[in-house]
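Just below is one structure, and these are the notes that go with it.
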Amino acid sequence: MRIILLGPPGGGKGTQGGLIEATWGFPRISTGDLLRRAVRDRTPPGLKAEARMNSGKLVEDELVLELVRERIARGDCADGYVLDGFPRTVPQAEGLEALDAGRLEIALDIAVDEEAMIQRLSRRLVCPECDAVFNPAVRETKQSGACDVCGAELVRRPDDAPEVVAERLKVYRDGIEPLLAHYRNRNTLVRIDGSGSVDEVFSRIQTVLAPRLQNRTAGRGVS
Ligand code: AMP
Numbered sequence: 286m287r288i289i290l291l292g293p294p295g296g297g298k299g300t301q302g303g304l305i306e307a308t309w310g311f312p313r314i315s316t317g318d319l320l321r322r323a324v325r326d327r328t329p330p331g332l333k334a335e336a337r338m339n340s341g342k343l344v345e346d347e348l349v350l351e352l353v354r355e356r357i358a359r360g361d362c363a364d365g366y367v368l369d370g371f372p373r374t375v376p377q378a379e380g381l382e383a384l385d386a387g388r389l390e391i392a393l394d395i396a397v398d399e400e401a402m403i404q405r406l407s408r409r410l411v412c413p414e415c416d417a418v419f420n421p422a423v424r425e426t427k428q429s430g431a432c433d434v435c436g437a438e439l440v441r442r443p444d445d446a447p448e449v450v451a452e453r454l455k456v457y458r459d460g461i462e463p464l465l466a467h468y469r470n471r472n473t474l475v476r477i478d479g480s481g482s483v484d485e486v487f488s489r490i491q492t493v494l495a496p497r498l499q500n501r502t503a504g505r506g507v508s
């Protein structure tokens, strides 16, 4: 099963993807995380992507597709995976289908209102070491300013600055309709109300996924 999470930046895709991973064992693949790691490691794709990421623009399709190709070829994806932040364009969606044809698919469009989203982005902190994401508005970390997972000092993402958020939103709005149409045509699109608490949203996702994933528990089961 390939689970695709669509929705605006700050709309909860990462959090919900993490819960899907914990519940059913499909690894969550965030192209934002893969790219940030590449930037941090100063790899050639990272160096190429950095300026566009910092200004809130999309990175080239070919570069992102290559990162996804490498990631889904790993053994832990054999049964399926959750995609967070990918695809963002129709060519990426088509590229993915060519890379991994014939896999069962569902695209969840997590719909949130813009005010809620901007609020979330303005408060969130990320761990530069392990990519964990925290939001003090939702839940305080055990030790203020430190990562609950690895203890590193939390930072703000450079692209969560208000002017970059505005650009990311514009990029999202410009690209989302053709992508939704693409998945509507494939008959794999399901809209999820993204309002309310993390648990409320996850329970809506569970209602959609559970019948499709009967017999599966974290790390094992049917594909
Ligand atoms: P995210 O963590 O998903 O918000 O992504 C952060 C930034 O990484 C985006 O603003 C883009 O610059 C870049 N990025 C992440 N995923 C993609 C993608 N699928 N296609 C193009 N650029 C991406």
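Position 213, counted from 1, in the sequence shown is what the numbering used here calls 498; the numbers after and before it change by one each time, with no gaps.
Yeah, the Cβ is synthetic: ideal placement off N, Cα and C, and Gly gets one too.
This one's a predicted model, so the numbers in the text were calculated from it and none came from an experiment.
Check: Where does Glu-390 fall in DSSP's three states?
Finding: strand
For this session: State the start and end residues of the unbroken alpha helix (DSSP H) segment that holds Ser-488.
Result: 483-494
**Message:** Considering only heavy atoms of the ligand AMP, does any lie closer than 7 Å to the CB of Met-402?
**Reply:** no
With Val-315 as the anchor, note down where its beta strand (DSSP E) starts and where it stops.
According to the sequence displayed, residue 315 carries Ser and not Val. 313-315 is the span of the beta strand (DSSP E), which, as asked, contains Ser-315.
| message | At 4 residues or longer, what runs of the alpha helix (DSSP H) sit wholly inside the segment 300-367? | response | 316-325, 329-339 and 346-357
For the ligand AMP, I want to know if Asp-364 counts as a neighbour, meaning its beta carbon is within less than 7 Å of at least one of the ligand's heavy atoms. Every heavy atom of the ligand AMP is 7 Å or more from the Cβ of Asp-364, so no.
Where the alpha helix (DSSP H) through Arg-469 begins and ends = 447-470
Subject >> Exposed unless 16 or more other CB atoms sit within 10 angstroms - verdict on Thr-328 >> reply: Thr-328 should be labelled exposed.
- List the whole-angstrom C-beta distance separating Lys-298 from Ile-357, where the pair is believed to meet the contact cut-off of C-beta under 8 Å. With 8 Å as the limit, Lys-298 and Ile-357 do not qualify as a contact, their Cβ atoms being about 17 Å apart.
Hey, Arg-313 and Asp-364: beta-carbon distance below 8 Å or not? no
Check: CA-CA distance, Thr-492 and Glu-485?
Finding: 11 Å
Point to revise | Span separating the alpha-carbon of Cys-432 from that of Val-324 | key: 21 Å
Arg-287: first and last residue of the uninterrupted alpha helix (DSSP H) it sits in
From DSSP, Arg-287 is part of no alpha helix (DSSP H) but of the beta strand (DSSP E) over 287-291.
Buried or exposed (CB count within 10 angstroms, at least 16 for buried), Leu-474: buried
Check whether the Cβ of Thr-300 sits closer than 7 Å to any heavy atom of the ligand AMP, and report yes or no. no
| request: Could you check if Ser-482 is buried or exposed, using at least 16 other CB atoms within 10 Å of its CB as the buried criterion? | output: exposed
| query | Does the beta carbon of Arg-337 fall short of 7 Å from some heavy atom of the ligand AMP? | reply | Within the cutoff, so yes.
- Compare the C-alpha of Arg-354 against each of Leu-332, Arg-337, Leu-343 and Leu-319 and name the closest. For Arg-354, the nearest C-alpha among the options comes from Leu-319.
Note to self: I'd like to know whether the C-beta atoms of Pro-293 and Leu-410 end up nearer to each other than 8 Å.
What the structure shows: no
Status (buried if at least 16 other CB within 10 Å, exposed otherwise) for Cys-415:
Cys-415 is exposed by the Cβ-count criterion.
- List the whole-angstrom C-beta distance separating Gly-295 from Arg-373, where the pair is believed to meet the contact cut-off of C-beta under 8 Å. Not confirmed; about 15 Å, so no contact.
| Apart from the five residues just before and just after Phe-419, which ones in its own chain have a Cβ nearer than 8 Å to its Cβ? | Arg-409, Leu-410, Val-411, Cys-412, Thr-426, Cys-432, Asp-433 and Leu-439
Contacts around Ala-495, its chain only, beta-carbon distance under 8 Å, and the 5 residues preceding and following it disregarded: none
The ligand ZN heavy atoms versus the CB of Phe-371: any closer than 7 Å? Ligands present in the displayed structure are limited to the ligand AMP, and the ligand ZN is not among them.
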